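Chemist:
Numbering (my numbering), first residue to last: 32 to 218.
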């Protein structure tokens, strides 16, 4: 009987644990729940003048405290006239446990036939790392000394949905290009 009581007490102590603080999370949360977290986002934005942008970002953030996080992402985008690849810093302000404000300046390292590097940046409001609204600005170097400034407004999805949408975009783009090339080749 003595061993049963000791075993029960030992099992109770081992299975009862305080919640982990400052752990790594797949979906962003404030510092009291996560110290570091992944950024997995995909989105669509419409140009102020014309054009569209499909974007996908994968990155990592570190909560500095309960209100501020800092990190970076790798971006891949499909623009109405080309493909973009770049890097962005990301600052996040936790307005509440679910509501966020992000600011993210970055550099476009590749932009198809345009010269690189270019500038990209966004500010966005998000809810629970699931859904957000984004305002993007890009400065794309053109031939000579000209630079084209583009602005976009759109939405983004994050977490599991962002990862799924990014995978679909990675599959859809080459398929779309192949179909377009095939259609042009039939003229």
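All C-beta atoms, glycine included, are put in the ideal place defined by N, C-alpha and C. The structure presented is a predicted model; accordingly, all values stated were derived computationally and were not measured.
Closest by CA to residue 103, which one among 138, 129, 78?
Modeler: Of 138, 129, 78, the residue nearest in Cα terms is 138.
Chemist: May I have the straight-line CA-CA distance separating residue 175 from residue 118, to the nearest angstrom?
Modeler: In a straight line, the C-alpha of residue 175 is about 24 Å away from that of residue 118.
Chemist: Quick one: Cα of residue 131 to Cα of residue 123, how far?
Modeler: Whole-angstrom Cα-Cα distance: 7 Å.
Chemist: According to DSSP, is residue 128 part of a helix, a strand, or is it coil?
Modeler: Coil.
Chemist: Return helix, strand or coil for residue 183, following the three-state DSSP convention.
Modeler: Here residue 183 sits in strand by DSSP.
Chemist: By the three-class DSSP mapping on this structure, what secondary structure does residue 135 have?
Modeler: Three-state result, residue 135: strand.
Chemist: Given this structure, state the Cα-to-Cα distance separating residue 100 from residue 111, to the nearest angstrom.
Modeler: Taking the straight line from one Cα to the other gives about 32 Å.
Chemist: What residue range is occupied by the uninterrupted beta strand (DSSP E) comprising residue 99?
Modeler: Taken as a continuous stretch (DSSP letters only), the beta strand (DSSP E) holding residue 99 covers 99-110.
Chemist: Considering just the uninterrupted stretch of the beta strand (DSSP E) at residue 158, what are its terminal residues?
Modeler: Run containing residue 158: 149-158, per the beta strand (DSSP E) assignment.
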